[in-house]
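What follows is a set of notes on a single structure, which appears directly below.
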Amino acid sequence: MSPLNGLDPSMNRVSALMKGKCFFVTGGTGFLGKVLVEKMLRDCGELDTIYLLVRPKKGKEPSARVNELFDSPLFEKLRTTRPEARKQLVAIAGDVVEKDLGISPADRALLIERVNIIYHCAATVRFDEPLRKAIMLNTRGTKLVVDLAEECKNLDLLVYVSTAYCHLKEALLQEKIYDPPADPHKIIKCCEYMEEKIVEQMTKRILMDAPNTYAYTKALAEGLVSEKMDKIPSIILRPSVIIPIWKEPIAGWTDNINGPTGILIAAGKGVLRTMWCKSNTYADFVPVDIVANAILLSTWNYVGRKDHEKRVYNLTSSAEFKVTWQEIIDIGTSLVEKVPLNGMVWYPGGSMKDSKMVHNICVFLYHTIPAYFLDAIIVLAGHKPILKRVQDRISKGFEVFEYYANNQWDFVSTNILSLRHVVSETEKDRFCIHGDDLDLHTYFEACIRSARIYVLKEMPDTLPGAIKHARRMYWLDKFVQALFWYFVMYMIYSYSTTVSSVVDSAWDSTKGFVTPSIMGSEQSTLN
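Heads up: the sequence shown begins at 1 in the UniProt record's numbering, then just goes up one per residue.
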């Protein structure tokens, strides 16, 4: 379809499309889901209802969890401007891993009758999730959502949120359908009838060359969606690594420590001092608000513009601008003094290592030994040891990270980029899908400040104390380094002195033996 010219700058066809629509959202209490729901209620306020699939958790009923969601800091701006928006959120009790999504017959009938658009965002993003659990959630859960979509009487669109990292054989990921790594229906059947222990034993054989259960199960799920595309109006979105909010409603907001946020926190606390990572490789990240906007824009493109040719969107950034891991570390280092974290274990430092062997040596020297040493002090103080456990968790997490950090993929993102040319100025501003004016220093500073508040629960009034503590740790770090190098030089000096003494002693002994022999030989010659 050709780009539209001469648009009225004030047009907002995206919001207009959503007017009176009913949505069904899975994963609405997850990271992406929260941001998507907030955005829909704030900028598409005339929608009818958002049905959220929510399971009971920690003794809280689904409706209570939705209340908790609406009362969270992320929704503060919405509560101020449109407090009545809470009425547009309806909890549907259920669970993606349960049969028929765990939805009651009455609720299912309601969804079938009323839902126009489905956003399937639910997934486990743990890369080391046991295979059976990942299959039941990521793959079978998607099948059950597709089954529900087939029954919906007024369905306009099913949007499946996949990942750009599910077809890792492809060095260049195109915006097209790929064959799944196996028959998803057979894999689901196997996992339904086999015990978890048996599935676990067969995991390596089932995964074949897939690096983890996340990539494998998401690729299978894509196969389930794509096989029904002729019958169900549907599209697949493949975001890369989803990172904290860039612009709104809260710059830098996140509710987890995945991606670069986790790296910055671990490094900022002083517990991460070495990474096995090729410093010149680049990372592909997309802020979560950009992903939410892309979901809504692609919905409008399919339903509103009737562009049914675009069925797959790669939501990636590296085609436009590349950020190396070294740049991320350098930015984080520059922010240490400005926005330090509370309870800094040691002054942040360290570096990335290209060599796995050098990295392993550094892990032992800078992670393992200090963890045991500080845990010993903690135990002597009458508390339970914690640092070795923290280091073990970091090491396990980085086993997965290292695979992605030391390999490189590129992505075609023509479909999502093309939407920039068919939107008005208002739509471009309210549903931003570009990072043209993204300043990395400002962005990562916002990420750290928000992580302090919303993840680590470190309030802004604790920052002056954190700055003072960071300065103390800086001088302690310098003192320990000086002490270490003094010890090294002392050992070298002592060793060289010892060696010199041994050599001198050996020479004296040899000299005492050789000289009489030579003198004796000379006397014999003279005689």
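Even glycine gets a Cβ: it sits at the ideal position worked out from N, Cα and C. This structure is a prediction, so every number in the text was calculated from the model and none was measured.
From residue i to residue j, what distance separates their C-alpha atoms?
{"i": "Ile135", "j": "Leu168", "result": "18 Å"}
{"i": "Arg86", "j": "Glu327", "result": "41 Å"}
{"i": "Asp289", "j": "Val412", "result": "20 Å"}
{"i": "Lys57", "j": "Ser334", "result": "40 Å"}
{"i": "Leu463", "j": "Ala451", "result": "13 Å"}
{"i": "Met1", "j": "Val303", "result": "A caution first: Met1 carries a pLDDT of 43, below 50, which makes its placement in the model unreliable, though a value can still be read off. Their Cα atoms are separated by approximately 14 Å."}
{"i": "Ala219", "j": "Ala149", "result": "20 Å"}
{"i": "Phe285", "j": "Thr497", "result": "55 Å"}
{"i": "Ala376", "j": "Glu337", "result": "29 Å"}
{"i": "Leu17", "j": "Leu297", "result": "10 Å"}
{"i": "Tyr51", "j": "Ile103", "result": "12 Å"}
{"i": "Val37", "j": "Thr254", "result": "15 Å"}
{"i": "Cys432", "j": "Glu196", "result": "43 Å"}
{"i": "Ser63", "j": "Pro105", "result": "18 Å"}
{"i": "Phe321", "j": "Asp71", "result": "36 Å"}
{"i": "Ile492", "j": "Ile331", "result": "37 Å"}
{"i": "Ile118", "j": "Asn256", "result": "25 Å"}
{"i": "Ser501", "j": "Ala482", "result": "28 Å"}
{"i": "Tyr474", "j": "Arg126", "result": "35 Å"}
{"i": "Met489", "j": "Tyr347", "result": "24 Å"}
{"i": "Val14", "j": "Ala292", "result": "13 Å"}
{"i": "Pro460", "j": "Thr442", "result": "17 Å"}
Starting from residue i, trace the alpha helix (DSSP H) in both directions and tell me its first and last residue.
{"i": "Met40", "result": "Phe31 to Asp43"}
{"i": "Leu52", "result": "From DSSP, Leu52 is part of no alpha helix (DSSP H) but of the beta strand (DSSP E) over Thr49 to Val54."}
{"i": "Cys447", "result": "Leu440 to Ser450"}
{"i": "Glu458", "result": "First-last for Glu458: undefined, no H or E at that position."}
{"i": "Phe75", "result": "Careful: Phe75 lies outside any alpha helix (DSSP H) and carries neither H nor E."}
{"i": "residue 529", "result": "One cannot answer for residue 529 here, as it falls past the ends of the chain, which runs 1 to 527."}
{"i": "Met18", "result": "Arg13 to Met18"}
{"i": "Cys191", "result": "Pro184 to Tyr193"}
{"i": "Leu335", "result": "From DSSP, Leu335 is part of no alpha helix (DSSP H); its letter is neither H nor E."}
Taking DSSP's pairing of strands, which residues face residue i in a bridge?
{"i": "Ser234", "result": "Leu158"}
{"i": "Lys353", "result": "Trp276"}
{"i": "Tyr347", "result": "Per DSSP, none; premise fails for Tyr347."}
{"i": "Pro340", "result": "BP columns for Pro340 are empty, so no partner."}
{"i": "Tyr282", "result": "Thr324"}
{"i": "Phe24", "result": "Tyr51 and Ile118"}
{"i": "Leu172", "result": "Asp410"}
{"i": "Pro287", "result": "Ile243"}
{"i": "Lys57", "result": "Lys60"}
Locate the beta strand (DSSP E) running through residue i, then write down its first and last residues.
{"i": "Thr274", "result": "Thr274 to Trp276"}
{"i": "Tyr119", "result": "Ile117 to His120"}
{"i": "Tyr313", "result": "Val312 to Leu315"}
{"i": "Leu89", "result": "Leu89 to Ala93"}
{"i": "Val241", "result": "Val241 to Ile243"}
Please return the same chain residues whose Cβ sits closer than 8 Å to the Cβ of residue i, not counting the five positions on each side in sequence.
{"i": "Asp410", "result": "Ala171, Leu172, Leu173, Ser318 and Ala319"}
{"i": "Leu374", "result": "Val345 and Leu387"}
{"i": "Val363", "result": "Thr274 and Ser395"}
{"i": "Leu207", "result": "Leu131, Thr213 and Tyr216"}
{"i": "Ile295", "result": "Leu36, Tyr119, Val159, Val161 and Leu237"}
{"i": "Pro9", "result": "Ser424, Glu425 and Thr426"}
In its own chain, which residues sit with a C-beta less than 7 Å from the C-beta of residue i, not counting the 5 before and 5 after it?
{"i": "Glu458", "result": "Leu341, Asn342 and Arg452"}
{"i": "Ile329", "result": "Met352"}
{"i": "residue 566", "result": "Because the chain here runs from 1 to 527, residue 566 falls outside it and cannot be looked at."}
{"i": "Met11", "result": "Ser424, Thr426 and Glu427"}
{"i": "Lys306", "result": "none"}
{"i": "Pro287", "result": "Ile243, Pro244, Ile245 and Trp246"}
{"i": "His434", "result": "Arg420"}
{"i": "Asn138", "result": "Ala123, Thr124, Thr217, Lys218 and Ala221"}
For the ligand MG, is there a heavy atom less than 7 Å away from the beta-carbon of residue i?
{"i": "Arg126", "result": "Summarising the ligand content, the structure contains no ligands, and the ligand MG is consequently not present."}
Go through its chain and collect everything with a Cβ distance to residue i's Cβ below 6 Å, but skip five positions before and after it.
{"i": "Tyr160", "result": "His120, Val225 and Ile236"}
{"i": "Thr525", "result": "With a pLDDT of 49 at Thr525, under the threshold of 50, the modelled position of that residue is not reliable, and the figure given next carries that caveat. Result list for Thr525: empty, nothing under 6 Å."}
{"i": "Val379", "result": "Pro385"}
{"i": "Leu47", "result": "Met18 and Lys21"}
Report yes or no: do three or more beta-carbon pairs, one from the stretch 368-379 and one from the stretch 245-265, lie closer than 8 Å?
no
Stretch-stretch touch, CB-based, cutoff 8 Å, three pairs: the stretch 99-113 with the stretch 162-181:
no
How about the stretch 72-86 and the stretch 256-276: do they share at least three Cβ pairs that are nearer than 8 Å?
no
Three Cβ pairs or more, each shorter than 8 Å: is that satisfied between the stretch 202-222 and the stretch 432-445?
no
Decide yes or no for the touch test of the stretch 154-163 against the stretch 228-235: beta carbon pairs closer than 8 Å, at least 3 of them.
yes
Could you tell me whether the stretch 177-189 touches the stretch 204-216, using the rule of 3 or more Cβ pairs below 8 Å?
yes
Quick one: any contact between the stretch 276-284 and the stretch 471-482, if contact means 3 or more CB pairs under 8 Å?
no
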